[in-house]
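Notes follow the structure.
Residue numbers (the working numbering): 1 to 158.
This is the structure we're talking about:
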């Protein structure tokens, strides 16, 4: 995972097509990141937090939530899905950063992404604080030192 996380260097062109050709060797960034995240979630080992954060630092995989206007750029939406996947994994490993990412998508105007963030927060916490980012931020503030890894026992649809 560590070696793989250093190889992931997303570029805009990586999200144009779902099936790479010989000239798009990095076009499967989503699949690589998803695989790393899935493995980290299954193990529930916080040792993976730094490498997931390193992947998330990419400007193309960070702050991809949209709360205004209509987002018709499918490449942008793919980047958002990758960011949500990273957020879910970080949260499963007990990282407050993961919860912050999920909370940032609660008001996303793309319903599937907003639903995924909300469903994941509910699953991780057992709470239903609606889609109220302020309530979730308060929960995180009050509990960030108490967050523990929650290994993935059953993959969440989404």
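Note that beta-carbon positions come from the ideal geometry of N, C-alpha and C, so glycine has one too.
key: Proximity winner among 58, 45, 39 and 84, relative to residue 65 (alpha-carbon distances)   = For the purposes of this step, residue 65 is taken as residue 65 along the chain shown, with counting starting at 1. Cα-wise, what sits closest to residue 65 is 84.
Top-ranked residue by Cα proximity to residue 46, from 9, 144, 90 and 36 = Taking the first residue of the chain shown as position 1, residue 46 is located at position 46. Of the listed residues, the one whose Cα sits closest to residue 46 is 90.
Pair within 7 Å by beta-carbon distance, residue 186 and residue 146 = Lying before the first or after the last residue shown, residue 186 is absent from the chain, which here runs from 1 to 158.
query = Ordered along the chain, which non-local residues of its own chain (more than five positions away) have a Cβ less than 7 Å from that of residue 67?
reply = Residue numbering aside, residue 67 sits at position 67 when the chain shown is read from its first letter. The residues are 107, 108 and 109.
ask   = Mind checking whether residue 149 and residue 44 have CB atoms under 7 Å apart?
value = Numbered from 1 along the chain shown, position 149 holds the residue referred to as residue 149. Numbered from 1 along the chain shown, position 44 holds the residue referred to as residue 44. Yes, these two residues count as a Cβ contact at 7 Å.
request  = May I have the straight-line CA-CA distance separating residue 70 from residue 76, to the nearest angstrom?
outcome  = Looking up residue 70 in the chain shown gives position 70. Looking up residue 76 in the chain shown gives position 76. Near 12 Å, if we compare the C-alpha coordinates of residue 76 and residue 70.
Nonlocal neighbours in the same chain, by C-beta distance under 7 Å from residue 122, ignoring five residues either side = Taking the first residue of the chain shown as 1, we reach residue 122 at position 122. Answer for residue 122: 128, listed in chain order.
query = Is residue 57 buried or exposed, if buried means 16 or more other CB atoms sit within 10 Å of its CB?
reply = As a working note, residue 57 is residue 57 in the chain shown. Exposed, because fewer than 16 other Cβ atoms sit within 10 Å of the Cβ of residue 57.
Enclosing alpha helix (DSSP H) for residue 137 [first to last residue] = Here residue 137 refers to the residue found at position 137 when the chain shown is read from its first residue. Counting along the chain, the alpha helix (DSSP H) containing residue 137 begins and ends at 133 to 143.
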